[in-house]
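Asks: Handing you a structure now.
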Amino acid sequence: AQKITQTQPGMFVQEKEAVTLDCTYDTSDPSYGLFWYKQPSSGEMIFLIYQGSYDQQNATEGRYSLNFQKARKSANLVISASQLGDSAMYFCAMREGTGNQFYFGTGTSLTVIP
Amino acid sequence: KAGVTQTPRYLIKTRGQQVTLSCSPISGHRSVSWYQQTPGQGLQFLFEYFSETQRNKGNFPGRFSGRQFSNSRSEMNVSTLELGDSALYLCASSLKQDSWNEQFFGPGTRLTVL
C-alpha cells in the first residue's frame, strides 16, 4: 500500500482565493510526522509546514495551514489568499517514528490564475 | 547562513559510465539524506548519513552508494549508469539525525544518461 496518497495531479485556483490540497497517509506507527513541501520549477524543495502525530492542534505557518484529521489519516494543506508565486508542485510526505526515511506522495501541481 | 549546495547542477553521462554527485550541507548540520526524483517513480529515498555513517538505506541496487566526510559533506556515486538513472538527485541536510521538521533541501543535480 502507498504510504502517502495525493489524488489531485493538478489544481487551479484564482488569485486571492483559498485552495486545499489533499493528502492521505498509511501507517501503523503511532509516532509519525507529516510534512508539506513546495517545489517550484527550479527544482528546490521548500519546506512549508509540519504536523506531528501527537500534536493536538492543526499546524499553521503564515498562509499555510494543515488540516490534520487523524482518524481519517488525512493531512490536507490549505493555502489561503493564493498568490501567483504559489504556482508549483506540492508534495506531502511522512516520516515514521521507527524509521528515518521520508515517504513522498506523487505531488499536486498547483496553478494560480490571475 | 548558506543553504544546502549541490554540485554539479547538471550532468550528462552515457550508459555504463559512473558518476559522483556532491552535497554540502548547511553549516552545523550533520545529517545528509539523498533522494531520487523521476517522473515515473516520484521522490524516492536513497540513503541517509550521519556522522560519517550510513544510518538508513532505501530500496536501490548496490550501484548506488554514498559516503560522508568528517566535515559532513556527502558524495553519492552511481556506477554502471543505466538510462533509468536519469533523474533529479536531491540532497537534504538536517541538524541531527531525527530532526523531523528541520530538513532543508538543495537545488538538486539533474543527471541525464544517454
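Going down the list, the sequences are from chains A and B. Throughout, my numbering is defined as the position within the first sequence, counted from one, plus 2. Throughout, my numbering is defined as the position within the second sequence, counted from one, plus 268. From the three backbone atoms N, C-alpha and C, an ideal C-beta is built for every residue, glycine too.
Find the residues of chain B that neighbour Gly109(A), judging by a C-beta separation of less than 9 Å, and give them in chain order.
Replies: Taking the first residue of the first sequence as 1, we reach residue 109(A) at position 107. In chain order: Gly310, Leu311.
Asks: Report yes or no: do three or more beta-carbon pairs, one from the region 285 to 296 of chain B and one from the region 315 to 330 of chain B, lie closer than 8 Å?
Replies: The region 285 to 296 of chain B, when compared against the region 315 to 330 of chain B, does not touch it at the 8 Å Cβ threshold.
Asks: Secondary structure at Leu86(A), three-state DSSP: helix, strand or coil?
Replies: For the purposes of this step, residue 86(A) is identified with residue 84 of the first sequence, where counting begins at 1. Correct three-state label for Leu86(A): helix.
Asks: Using a threshold of 9 Å, state whether the C-beta atoms of Phe93(A) and Lys40(A) are closer than that.
Replies: In the first sequence, residue 93(A) corresponds to position 91, counting from 1. In the first sequence, residue 40(A) corresponds to position 38, counting from 1. Taking 9 Å as the Cβ cut-off, Phe93(A) and Lys40(A) qualify as a contacting pair.
Asks: Can you tell me which of Ser33(A), Gly109(A), Ser76(A) puts its alpha carbon nearest to the alpha carbon of Ser89(A)?
Replies: Numbered from its first residue, the first sequence carries residue 89(A) at position 87. Among Ser33(A), Gly109(A), Ser76(A), the Cα nearest to that of Ser89(A) is on Gly109(A).
Asks: Which first and last residues belong to the beta strand (DSSP E) in which Ala270(B) is found?
Replies: Position 2 of the second sequence, counting from 1, holds the residue named residue 270(B). Element bounds for Ala270(B): n/a, residue is neither H nor E.
Asks: Here's a check: name, in chain order, each residue in its chain whose Cβ is nearer than 6 Å to the Cβ of Met91(A), leaving out the five neighbours to either side.
Replies: For the purposes of this step, residue 91(A) is taken as residue 89 along the first sequence, with counting starting at 1. Excluding residues within five positions, the ones whose Cβ falls inside 6 Å are Gln41, Gly109, Ser111.
Asks: Hey, out of Ala355(B), Tyr278(B), Gln336(B), Pro307(B), whose CA is closest to Arg323(B)'s CA?
Replies: As a working note, residue 323(B) is residue 55 in the second sequence. Selected option, being the one with the closest Cα: Gln336(B).
Asks: With a Cβ-Cβ cutoff of 9 Å, do Tyr317(B) and Ser301(B) count as a contact?
Replies: One-based indexing of the second sequence puts residue 317(B) at position 49. One-based indexing of the second sequence puts residue 301(B) at position 33. Cβ atoms of Tyr317(B) and Ser301(B): closer than 9 Å.
Asks: Look up Leu404(B) in the DSSP assignment and say whether it is helix, strand or coil.
Replies: With chain B covering only 269 through 382, there is no way to say anything about residue 404(B).
Asks: In the DSSP assignment, what residue or residues form a beta bridge with Phe49(A)?
Replies: Along the first sequence, one-based indexing puts residue 49(A) at 47. Paired residue(s): Tyr39(A).
Asks: Which chain A residues sit within Cβ distance under 8 Å of Gly374(B)?
Replies: As a first step, residue 374(B) is located in the second sequence; it is residue number 106 there, counting from the start. Simply Glu46.
Asks: In the DSSP assignment, the beta strand (DSSP E) including Ile280(B) goes from what residue to what residue?
Replies: For the purposes of this step, residue 280(B) is taken as the residue at position 12 of the second sequence. First-last of the beta strand (DSSP E) with Ile280(B): 278 to 281.
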